[in-house]
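Chemist:
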Amino acid sequence: MELHEIGLLFLAGVFAGFINTMAGGGSLLTLPLMIFLGLPPAVANGTNRIGIVISSLSATMGYKSKQVSTHPFSLYLGIAALFGALIGAKIAIDIRGDLFNRILAVVMIVVVMTMVFKPKFSTHQVVERLHGKYLWISILAFFFIGIYGGFINAGIGFIIMLFLNFFNRMNLVRVNATKVAVVFIYTTGALATFALSGNVHWLYGFCLAGGTSLGAWTASRYSVKKGEGIIKIFMVLMVIAMSIKLWFF
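Here the sequence shown is numbered in this note's numbering, starting from 326 and rising by one per residue.
1. Can you tell me whether residue 508 is buried or exposed? The criterion is at least 16 other CB atoms within 10 Å of its CB, across all chains shown.
2. Whose CA, out of 514, 503, 424, lies closest to the CA of residue 487?
3. Residue ranges of each alpha helix (DSSP H) run of no fewer than 4 residues wholly in the segment 432-499, ordered along the chain?
4. Let me know the secondary structure DSSP gives residue 543 once reduced to three states.
5. Going by C-alpha to C-alpha distance, which of 526, 434, 367, 512 sits closest to residue 411?
6. With distances taken between CB atoms, is the gap from residue 468 to residue 405 smaller than 8 Å?
7. Quick check on residue 524: does DSSP put it in helix, strand or coil?
8. Consult DSSP for residue 362 and reduce its assignment to one of helix, strand or coil.
9. Among residues of its own chain, excluding the 5 on either side of residue 337, which ones have a beta-carbon nearer than 6 Å to its beta-carbon?
10. Rounded to whole angstroms, what is the Cα-Cα separation between residue 393 and residue 345?
11. Tell me whether residue 653 sits in a helix, a strand or coil according to DSSP, three-state version.
12. In chain order, what residues of the same chain lie with their CB nearer than 7 Å to the CB of residue 543, ignoring the 5 residues before and after it?
13. Let me see if you follow: with CB-CB separation under 8 Å, is residue 457 close to chain B or not?
14. So, do the segment 535-542 and the segment 409-424 have three or more beta carbon pairs nearer to each other than 8 Å?
15. Excluding the 5 residues preceding and the 5 following residue 330 in the sequence, name in chain order all residues of the same chain whose CB lies nearer than 7 Å to its CB.
16. Mind checking whether residue 371 and residue 519 have CB atoms under 8 Å apart?
17. From this set, 474, 435, 455, 472, which residue's C-alpha is nearest residue 494's C-alpha?
18. Hey, would you say residue 388 sits closer than 8 Å to residue 460, going by beta carbons?
19. Do residue 505 and residue 385 have their C-beta atoms closer together than 8 Å?
20. Mapping the DSSP letters down to three states, classify residue 530 as helix, strand or coil.
21. Can you give me the C-alpha to C-alpha distance between residue 453 and residue 530, rounded to a whole angstrom?
22. For residue 360 and residue 366, which I take to be in contact (beta-carbon distance under 8 Å), what is that distance rounded to the nearest angstrom?
23. Where does residue 435 land, buried or exposed, given buried means 16+ other C-beta within 10 angstroms?
What follows is the structure in structure tokens.
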């Protein structure tokens with residue numbers, strides 16, 4: 326592993342952590358970058374999970390330190406997503422590398438368009454719907470969300486936020502607390518699946534995770550509203566270029 330590769334992964338991790346904390350979609354940078362550095366798609370996909378596990382665990386502990394928790398609701402959803410993620414990770418491992426690259430290219434375009442034209446999330450106080458039929462529907466929905474998370478995971482934060490905000494009527498603070506807890510649970514299972522099949526490059530993963538943690542820490546302490554427009558433009562251009570590369574080369 327070359328020194329410049331370590332630097333690239335760390336810097337990409339910083340940017341991804343910053344993006345994930347501010348808007349989401351950091352995997353749209355880190356996943357294709359590792360493919361470009363020479364990792365097979367399945368290995369890049371598995372390696373990317375190290376940073377996600379570490380970041381989501383850190384965020385979960387941060388919310389708990391502020392007495393923001395949706396336990397046991399988040400645990401139920403996390404377990405449902407975990408079963409789905411095991412299926413999704415297995416599909417990702419078995420799929421052909423060129424087909425995975427093309428799927429990733431399409432996902433990147435769709436997710437970045439969602440980032441640009443993202444719907445407004447409701448922040449008004451309403452009665453949460455976390456029990457009875459709403460709980461069971463949520464468990465079923467998160468099983469399928471987990472399949473996608475285990476398969477690629479890119480942009481899944483938007484999907485989770487939309488569901489929890491509009492269906493369960495949770496405010497955004499509790500949405501994010503639930504999201505990071507769920508992501509930690511199912512990504513741990515997905516990472517184990519990739520690792521057991523030999524599809525994790527641990528050195529790449531920890532270099533990436535170091536940057537991701539720093540980016541998330543920085544973004545959590547500074548206002549980023551003024552910079553969001555510029556970052557969106559950069560993300561659109563970057564994703565278009567990477568998608569063309571993934572699809573045709």
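Glycine is no exception: its CB is placed at the ideal position from the N, C-alpha and C atoms.
Modeler: Taking the definition as stated:
1. buried
2. 503
3. 458-476, 481-491
4. helix
5. 512
6. yes
7. coil
8. coil
9. 354, 355, 358
10. 19 Å
11. The question about residue 653 has no answer, for the chain in this structure spans 326 to 574.
12. 343
13. The structure shown contains no chain B, having only a single protein chain.
14. no
15. 362
16. yes
17. 455
18. no
19. yes
20. helix
21. 37 Å
22. 6 Å
23. exposed
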